[in-house]
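Each protein sequence line maps, in turn, to chains A and B.
Going left to right, the first sequence walks through residues 19 to 544 as the numbering used here numbers them.
Going left to right, the second sequence walks through residues 19 to 544 as the numbering used here numbers them.
Every residue gets a Cβ at the ideal spot worked out from N, C-alpha and C, and that includes glycine.
There are 2 protein chains.
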Amino acid sequence: MSSIEVKGENLIGGFSRRGLNGVVRVNNPSSGELLPGEFGGASEQDLEEAANLAAEAFTTYRETSLERRAKFLKLIAQNIAELDDKLIERCIAESGLPRARVEGECARTVYQLQLFADVVSEGSFLGVRIDPSMPDRKPLPRPDIRTRNIALGPVAVFGASNFPLAVSVAGNDTASALAAGCPVVVKAHSAHPGTSELVGRAIQKAVEVCDLPPGVFALLFDPGYAIGQSLVAHEAIAAVGFTGSRAGGEALMKIAAARKRPIPVFAEMSAVNPVIIFPNALATRGATIGRAFASALTLGVGQFCTNPGLVVAVEGKGLSEFLSGASETLSTTSPAPMLTSGIHSAYCKGVDRLRSHQAVRLVAEGAAGNGAFARAALFKTTAEAFLFDRGLQDEIFGPVSLVVAAKDWAEVKRVLQSLEGQLTTALHVDPVDYDRARDLLSHLETLAGRLIINGFGTGVEVGHAIVHGGPYPATSDGRTSSIGSLAIERFLRPVAYQDFPVELQPQAIQNDNPLKLKSRQNGFLS
Amino acid sequence: MSSIEVKGENLIGGFSRRGLNGVVRVNNPSSGELLPGEFGGASEQDLEEAANLAAEAFTTYRETSLERRAKFLKLIAQNIAELDDKLIERCIAESGLPRARVEGECARTVYQLQLFADVVSEGSFLGVRIDPSMPDRKPLPRPDIRTRNIALGPVAVFGASNFPLAVSVAGNDTASALAAGCPVVVKAHSAHPGTSELVGRAIQKAVEVCDLPPGVFALLFDPGYAIGQSLVAHEAIAAVGFTGSRAGGEALMKIAAARKRPIPVFAEMSAVNPVIIFPNALATRGATIGRAFASALTLGVGQFCTNPGLVVAVEGKGLSEFLSGASETLSTTSPAPMLTSGIHSAYCKGVDRLRSHQAVRLVAEGAAGNGAFARAALFKTTAEAFLFDRGLQDEIFGPVSLVVAAKDWAEVKRVLQSLEGQLTTALHVDPVDYDRARDLLSHLETLAGRLIINGFGTGVEVGHAIVHGGPYPATSDGRTSSIGSLAIERFLRPVAYQDFPVELQPQAIQNDNPLKLKSRQNGFLS
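Here it is in structure tokens:
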């Protein structure tokens, strides 16, 4: 078993040391008991050191060979896998998530790192383009221009509470930034500090074994917001990866935009992920869809960015059957602990807001629970009320959803037109509904980053084609994905080399192609 | 000859009509005479109409077939070419640029549109990725996920004064946005309103002939800043392309960031494009480099974003020879008119600032001129003074450059370390200098978007490998290029389709590949 232990220390420059700026402690959300471990908060000076070391490491790290960088990512994956039960148990204790889910998430985290190792080895992220010289061109000769992508610079990463492994210290943002050649400074999420430290130490160990500059990775604890904010404002930081609330993401965007040198913030923030049930599907299998929907809604205590928080359909017998099916499944749902008491109380507040809304009625509830245990809930309103009160489309993080019943299909379309940007949209259709679906798709494509037929957005497949993104406020920049191999593009920028002698060319753009890269020659893929 | 004429009208929704919100008029910068034509400024209502029509057109236009969109871009190119002398002469009169330059720029504008027509036809900008389903995967089956890029939405374009054709109404931003499938609303530059209208009408005619929705293109005149600012703030606008001053770009960035739904601004703003002369090159051919430098500096009256406004080298005999060579060429440079009297007075102010700086001395000047004619100038300072006063690295737009003499090579490096982001950096080297160059390249890659060996940044080659971009403040976002085929990526976003039946799939992602596109299958290029 791994020798890595939780010590409550920040990880900076290859060392670990106790922070003296306040303390992060954490409760077990299942039992309420205080977990062992006190995590000393980083000071501004700690941050300064971590950021400057990252800037220093950048020069070397961004030019590591593809082979070496891929090996590094694989070693991180291996070190995390070797943490085994030590990590799984700490993560269960800190998150309240069930073992199977945490084990699955750990496997996904390991897979994600391996995927990026493959992306690095394959090398096409370097985006090589070569327009050879044309010395005889008239009226002027054409110079030789060759382009490759280089890493953007040190990246600040803010993990999510709801994926303490796959979207945290060694999660999607860290994996894609390290793959691109960017050092990473992580602000540890205060909901899972022990998990963060274990994973952070697994990365730090890989940095050391691969003999990389120690500034390639740092992990900082912050009992409040000040260190995270200073990190985004720090001159050495070139980009930010964030997954969390809209308020949190927007706060970081403001800091990044107000810098002397503004930097991009890739924030994944807020979505209600509408589920649209088309007339024929609703008429023929409303109850079945309702049961599947309630399962998706309560999966992981509804704590997914892609949770189906909104259902849109036309009022009628089919919708009644959908509601019956959903209610049936929902009422058998046991309460389960939410990630933190803060998340739980925000959930209760959101549910109470719906409960007391005069145009909204409660359809079904799960069993009640104690402490930070969430009671699932399903509400219903009319399209008219929904269109009138924009507050009804705000995300409530947790196992609650709002069914919007429209008078007719035209009203369904008006509801969809009124929505803000989303991560996902699910369409439940039968072949008879295809014409209607085709007619809507044009709008839905501009609404969300991922469209799903006869399924739900929950369950993000880590791969090459996945898009985990979407128009504002689903993310701060819909032109990217935060999950899957596309994510590496966020942390790269192109550099052109004009009339460079081969002695000064980086390997990626050399004619004899020592890295065996695919490239574009005069615009054509070779 | 083309039937298109200057009428002083805004172009909105397939119609042209006189704006009633103030008037734009323009002088011939060569003669000072007022040119014919009064261009009525657009009102907020005109803007509202143009933006809403663009949003309406977006739905149809973004799904035009690749063939039809390529044909549209080629027709714009043809319509511009057919404007012929009518356009060339108006452009010469409005810009003061010599005929050969304007003809060359017109050819570049036409070529640029054709290049993007080719990019559209080739289709790989659609970025198709397919991860097929794996129904037997354990523990869960893998869904079928297919991704393509779609257009971002209507784009606001602000052209540059210094390229009234190639970086204006039908310039790089417009060509790449239209290629991506985005409607365009152009705020006409007030320095060349007649040129803008002629080109705008050429686009409008192509929209009509291709039977595209009229909202695909609009052109608005604005005697002040209000309409341009409202355009960036308008809900229908999804991105902004801008080339101009740092103050202008930063003002638009602030508006875009403060929107309810922030949007990306691709602003190309400010650079001094350092020229580094390495010791051996300086010792063996200082005078020759000096002469070539002075020619590059005064080309187009120094009115290029890539103008070499800074030279860095070690003090000594070689640098004296460089200065002699440069002075010799500079002193034979005739004064030439700048684009506008405003640009000329800003230039004079900048030159006076250097002239009266106690640590800066004048090395050489071109012949003096009248009116808006610029007198080229070369100044010299020490590395010590340059490092002390950061104001010395601010761009002065026009034919002026500052030579920074360092005590030794270490000081050259300190000067380069102190610089802000740049569009280009030129290295003058002989093979003996290669080790020194190699040592510096790592920093220079993070400093600029394009590096040039033994040449100068002036002259941007429109192609596939070109990068016209660079770290802040050269541009607002160094991850992109505003010129060349890479520019299309600014206006696209990926959408994933999960478990879509073929009947609902867009053609780009269908298995039988009717568009004959290259794609990534499980990450591998097919």
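Does Thr213/B get closer than 8 Å to chain A when you measure Cβ to Cβ? Position 195 of the second sequence, counted from the start, is the residue given in the question as residue 213/B. Not an interface residue.
Ala386/B versus Ala331/B, Ala354/B, Val120/B, Ser374/B, residue with shortest Cα-Cα distance: Your numbering for residue 386/B matches position 368 in the second sequence. When each option's Cα is compared against that of Ala386/B, the closest is Ala354/B.
At which residue ranges does the region 61 to 87 of chain B contain complete beta strand (DSSP E) runs of 3 or more residues, listed in the order of the chain? Assignment of beta strand (DSSP E) within the region 61 to 87 of chain B, counting only whole runs of 3 or more residues, yields no such run.
Strictly under 8 Å for the Cβ-Cβ distance: is Ser349/B near chain A by that measure? As a position in the second sequence, residue 349/B is number 331, starting the count at 1. False, the Cβ-Cβ gap to chain A never drops below 8 Å.
Just checking Ala385/B against the ligand COA - is the residue's beta carbon closer than 7 Å to any of the ligand's heavy atoms? With respect to the ligand COA, the structure shown offers nothing to examine, as it has no ligands at all.
According to DSSP, Thr165/B sits in a beta bridge with which residue or residues? The sequence position of residue 165/B within the second sequence is 147, counting from 1. Among the bridge pairs identified by DSSP, Thr165/B is matched with Arg147/B, Ala514/B.
Beta-carbon proximity list for Ser179/A, same chain, < 6 Å, skipping 5 on both sides: Counting from one through the first sequence, the residue named residue 179/A turns up at place 161. Taken in chain order, the residues that qualify are His207, Ala209, Leu357.
With a 10 Å radius around its C-beta and 16 neighbouring C-beta atoms as the bar for buried, classify Asp495/B as buried or exposed. As a working note, residue 495/B is residue 477 in the second sequence. Asp495/B should be labelled buried.
What do you reckon, are the CB atoms on Gln523/B and Arg164/B nearer than 8 Å? Translated into positions along the second sequence, residue 523/B becomes position 505. Translated into positions along the second sequence, residue 164/B becomes position 146. Contact flag set, yes.
For Ile470/A, write down the residues that DSSP places opposite it in a beta bridge. Position 452 of the first sequence, counted from the start, is the residue given in the question as residue 470/A. Ala444/A, Gln516/B, per the DSSP bridge assignment.
Is it true that the region 322 to 331 of chain A meets the region 470 to 489 of chain A, where meeting means three or more beta-carbon pairs spaced less than 8 Å apart? Proximity of the region 322 to 331 of chain A to the region 470 to 489 of chain A meets the contact definition, three or more beta-carbon pairs being nearer than 8 Å.
Could you pull out every unbroken beta strand (DSSP E) segment of at least 3 residues lying fully inside the region 377 to 418 of chain B, listed in chain order? Fully enclosed beta strand (DSSP E) runs of 3 or longer: 378 to 383, 395 to 400.
Residues that Phe235/A bridges to, as DSSP identifies them: Taking the first residue of the first sequence as position 1, residue 235/A is located at position 217. BP columns for Phe235/A point to Val202/A.
Going by beta-carbon coordinates alone, are Val137/A and Ser544/A separated by less than 8 Å? Within the first sequence, the letter at position 119 stands for residue 137/A. Within the first sequence, the letter at position 526 stands for residue 544/A. In this structure, Ser544/A does not lie closer than 8 Å to Val137/A by Cβ.
Under 8 Å: do the region 221 to 232 of chain A and the region 243 to 253 of chain A share three or more Cβ pairs, one atom per stretch? With a cut-off of 8 Å on Cβ pairs, the region 221 to 232 of chain A is not in contact with the region 243 to 253 of chain A, counting fewer than three such pairs.
Does the beta-carbon of Tyr243/A have 16 or more other beta-carbons within 10 angstroms, so that it is buried, or is it exposed? Taking the first sequence and counting its residues from 1, the one referred to as residue 243/A is at position 225. Taking all protein chains in view, the Cβ of Tyr243/A is surrounded by fewer than 16 other Cβ atoms within 10 Å, so the residue is classified as exposed.
How would you list, in chain order, the residues of chain A whose beta-carbon sits under 8 Å from the beta-carbon of His375/B? Translated into positions along the second sequence, residue 375/B becomes position 357. By Cβ distance, chain A contributes nothing, its closest Cβ being about 23 Å from His375/B, past 8 Å.
Starting from Ser214/B, trace the alpha helix (DSSP H) both ways and give me its first and last residue. Working through the second sequence from its first residue, we reach residue 214/B at position 196. For Ser214/B, the enclosing alpha helix (DSSP H) has its first and last residue at 211 to 227.
Per-residue contacts from Asn540/B into chain A (C-beta, under 8 Å): Residue 540/B sits at position 522 when you count from the first residue of the second sequence. Near Asn540/B (Cβ distances below 8 Å), the residues of chain A are Gly481, His482.
Contact check, Leu300/B vs Ala331/B under 8 Å by CB: the rounded distance? Translated into positions along the second sequence, residue 300/B becomes position 282. Translated into positions along the second sequence, residue 331/B becomes position 313. Rounded to whole angstroms, the Cβ separation of Leu300/B and Ala331/B is 6 Å, and the two are in contact under 8 Å.
Three-state secondary structure (DSSP) of Gln528/A: Residue numbering aside, residue 528/A sits at position 510 when the first sequence is read from its first letter. Looking at Gln528/A - three-state DSSP - the assignment turns out to be coil, as it is neither helix nor strand.
Once DSSP output is grouped into helix, strand and coil, what is the label at Ala289/A? Position 271 of the first sequence, counted from the first residue, corresponds to residue 289/A. DSSP places Ala289/A in coil when its eight states are reduced to three.
Strictly under 8 Å for the Cβ-Cβ distance: is Met271/A near chain B by that measure? Taking the first sequence and counting its residues from 1, one reaches residue 271/A at position 253. Flagged as an interface residue toward chain B: Met271/A, by a C-beta distance shorter than 8 Å.
How would you write the range of the beta strand (DSSP E) that Ser34/A sits in, first residue to last? On the first sequence, position 16 is the one that residue 34/A refers to. Where Ser34/A is concerned, the enclosing beta strand (DSSP E) stretches over 33 to 35.
With burial defined as no fewer than 16 other Cβ atoms inside 10 Å of the residue's Cβ, what is the status of Asp102/B: buried or exposed? The count along the second sequence starts at 1 and reaches residue 102/B at position 84. Classification for Asp102/B: exposed.
The beta strand (DSSP E) that contains Ala483/B, what's its start and end? Reading the second sequence from its first residue, position 465 is the one you call residue 483/B. No beta strand (DSSP E) holds Ala483/B; DSSP gives it neither H nor E.
The region 163 to 183 of chain B: which residues have C-beta closer than 8 Å to a C-beta of chain A, in chain order? Residues Ile163, Arg164, Thr165, Ile168, Leu170, Gly171.
Are the CB atoms of Ala68/A and Ile22/A nearer to each other than 8 Å? The residue labelled residue 68/A in the question sits at position 50 within the first sequence. The residue labelled residue 22/A in the question sits at position 4 within the first sequence. When the beta-carbon positions are compared, Ala68/A and Ile22/A stay at least 8 Å from each other.
Listing by chain order, which chain A residues have their CB less than 9 Å from the CB of Val250/B? In the second sequence, the residue the question calls residue 250/B occupies position 232. Simply none; closest approach about 14 Å.
Where do the N-terminal and C-terminal ends of the alpha helix (DSSP H) with Ile307/B fall, by residue? Position 289 of the second sequence, counting from 1, holds the residue named residue 307/B. That run of the alpha helix (DSSP H) goes 297 to 316.
Checking contacts by CB at 8 Å: is Phe518/B closer than that to chain A? Within the second sequence, residue 518/B is the residue found at index 500, counting from 1. Any Cβ of chain A closer than 8 Å to the Cβ of Phe518/B would place that residue at the interface, and such an atom is present.
Contact under 8 Å by Cβ, Ser500/A with Thr261/A: For this step, residue 500/A is matched to residue 482 along the first sequence. For this step, residue 261/A is matched to residue 243 along the first sequence. A contact, by the Cβ cut-off of 8 Å.
Give a yes or no on whether the C-beta atoms belonging to Ser467/A and Ala514/B are separated by under 8 Å. By one-based count along the first sequence, residue 467/A stands at place 449. By one-based count along the second sequence, residue 514/B stands at place 496. Checking the sequence shown, residue 467/A turns out to be Gly, not Ser. The beta carbons of Gly467/A and Ala514/B sit closer together than 8 Å.
Using CA atoms only, rank isn't needed, just tell me which of Ala382/A, Asn388/A, Val422/A is closest to Ala344/A. The count along the first sequence starts at 1 and reaches residue 344/A at position 326. Nearest Cα to Ala344/A within the set Ala382/A, Asn388/A, Val422/A: Ala382/A.
Rounded to whole angstroms, how far is the Cβ of Val175/A from the Cβ of Val204/A, which I believe are closer than 8 Å? Residue mapping note: residue 175/A aligns to position 157 of the first sequence, counting from 1. Residue mapping note: residue 204/A aligns to position 186 of the first sequence, counting from 1. Contact flag correct, Cβ pair sits at about 5 Å.
So, helix, strand or coil for Ile492/B, using DSSP? Counted from its first residue, the second sequence places residue 492/B at position 474. Per the sequence shown, residue 492/B should be read as Ala rather than Ile. Note: Ala492/B maps to coil in three-state DSSP.
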